[in-house]
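Residues in the sequence shown are numbered from 244 upward in steps of one, following the working numbering. Where a beta carbon is used, it is the ideal one built from N, C-alpha and C, also for glycine. Please read all numbers here as calculations on a predicted model, not as lab measurements. All remarks here apply to the structure that follows.
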Amino acid sequence: MRNLSLLLASFLVVLGTCSNGYAQTPKKPDVIQKLDNTSLEVVIDEINKTDILYRKPNDPKGPLYGIPKKDVRRIVWSNGEVEEITVPPAPAQKPGNPTALLVKRPVPPPVFWNRKGLFLGLRLGAGAGLVATPTTDALANDPKLAYQAGATLGYRIKALSVQIDALYTNLTYGLIVPQGTQEITAAEGQQQNLMVPLTFTLSTRLSKVRVGVTLGGYAAVQVGQGSTRITSAENAEKQVRNCAECTDAPTYGVVGGLSATLVEKRGYVIVMDARWYQSLENNEQYRIAESGVKMHQGMLGLGVLFNLSGKSK
C-alpha cells in the first residue's frame, strides 16, 4: 500500500512537470501584414468590424492593442492560413495633359489658295491677234498668231487675289481689203508691246478643281516701230514701218477671262487661263488706216505661281 502511494505520488509529480513544460512552450504567433509593407508578429485576440485586437507574443496575457482593419492587407494565421483584409487601391495615375486624351481630327496641310500673302509667278501665253478699224468698213479683220511671256506679282486673301503682270507681247495681225476698194489688197503687220494688266480674280473650288473669274484693265506701250507687209493689186509686196516716229504713249483697254488651277500645292500652283484683251483706244501712229487701229488679243495662258509669304487662313 505504501509502495502504491509512492508510485502515485511520483506519477503526479512527473505529470505536473510535463504540464508545466508544455505550457511554457511559446505559441507560434500570428502575422499582420500592413498596407505599408511592414508586418507585426502578434497573438490575435479578436477581429471586429473596424479593428483587429491583439496581444504581444511575449505577453499573451498582457494588454490588448488595436490596429484599424483599413491599414491591414492580410493576416497570416499561426496555422498557415492567409486571410485577406483590405485590397490595396490601384496606384493613382499622374495627371497629364487632358488634351492628350482627345481624339484629334487630322488637319490637311494648307494648300496655296488657303494661305494669304504675296506670290510671284511666270506666265506664258499664245493666242490670236485682231485689228479693228472703227471708222472705215474697207478693212476686215484677219486673225493671226500672238504670244506673250512675262512675270506676275500678286497678293491673295481667301478667295480673292489681285495681281499685276508685265508681259512682253508679240502681236501679228492681218487686214483683208475687199477687191477694187483700193490698190492695196492685203496687209499683214507685226508689233511688239509691253502690256501691264492689273487684274482681280475671284475663285472657288468646284469638286477637285478651283476655277476663277478675272476682270481688270491694262496699259500697253509699243516696243519698237513694228512693221507691215503690204500686198498690192498687182501682187507686189512691200514692207513699211508701222509708224514714222513712234512714241511711248500708252494705249488702254480692259481684260477679262476664266482660269482653272491644274495643280495646287503648299508652295506653288499651276494655273491655266483664257483671257481677252479689248483695246479702248485707237493707235493713231499706224499707217495702214488713216484713222488708226484698235488692237485686240485673245490669249490662252499657262502660269506657275510661287508662294512668297503668308500663313494658313
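Inter-residue CB distance, A371 and A389 (contact presumed, cutoff 8 Å): 6 Å
Residue from W320, G432, I295, Q465 with nearest C-alpha to L410: Q465
CA-to-CA distance, G467 to L551, given in whole angstroms: 34 Å
Whole-angstrom distance between A429 and R448, CA atom to CA atom: 47 Å
Classification of T281 by the beta-carbon crowding that lies within 10 angstroms, buried from 16 upward: exposed
For S404, the residue or residues it bridges with in DSSP: R399, T444
Distance, V405 Cα to R366 Cα: 15 Å
Where L548 sits in the DSSP three-state scheme: strand
Buried or exposed (CB count within 10 angstroms, at least 16 for buried), I400: exposed
8 Å Cβ cutoff met for G455 and G432: no
Segment limits, beta strand (DSSP E) that includes T281: Unbroken run through T281: none, as it is neither H nor E.
Whole-angstrom distance between S475 and K451, CA atom to CA atom: 55 Å
Separation of T415 from A369, as counted between CA atoms: 11 Å
Separation of L543 from K481, as counted between CA atoms: 32 Å
V330 classed as buried or exposed, judged by whether at least 16 other C-beta atoms fall within 10 angstroms: exposed
Residue of R453, A462, T494 minimising C-alpha distance to P440: A462
Neighbourhood of Q276 by C-beta, 8 Å cutoff - its chain only, sequence neighbours within 5 removed: S282, V315, R316, R317, I318, V319
Member of V498, T412, L418 whose CA lies at the smallest distance from the CA of D516: V498
Cβ-Cβ distance between L458 and A402 below 8 Å: no
Contact check, G510 vs F549, beta carbons under 8 Å: yes
In DSSP terms, what S450 is bridged to: According to DSSP, S450 bridges with nothing at all.
Proximity to L396 [Cα-Cα], best of S502, G364, K537: G364
Sequence-distant residues of its chain with Cβ nearer than 7 Å to P493 (five each side left out): A462, A463, V464
Per-residue DSSP class, three states only, for N357: helix
L373, buried or exposed, once every other Cβ within 10 Å from all chains shown has been counted against 16: buried
Buried or exposed (CB count within 10 angstroms, at least 16 for buried), V506: exposed
For K537, the three-state DSSP class (helix, strand or coil): strand
Helix, strand or coil at D491 [DSSP, three-state]: coil
Coil, strand or helix - K304 by DSSP: coil
Proximity winner among N525, D294, E477, G546, relative to M538 (alpha-carbon distances): N525
Same chain only: Cβ atoms within 6 Å of L296, ignoring 5 sequence neighbours per side: D288, E289, L307, G309
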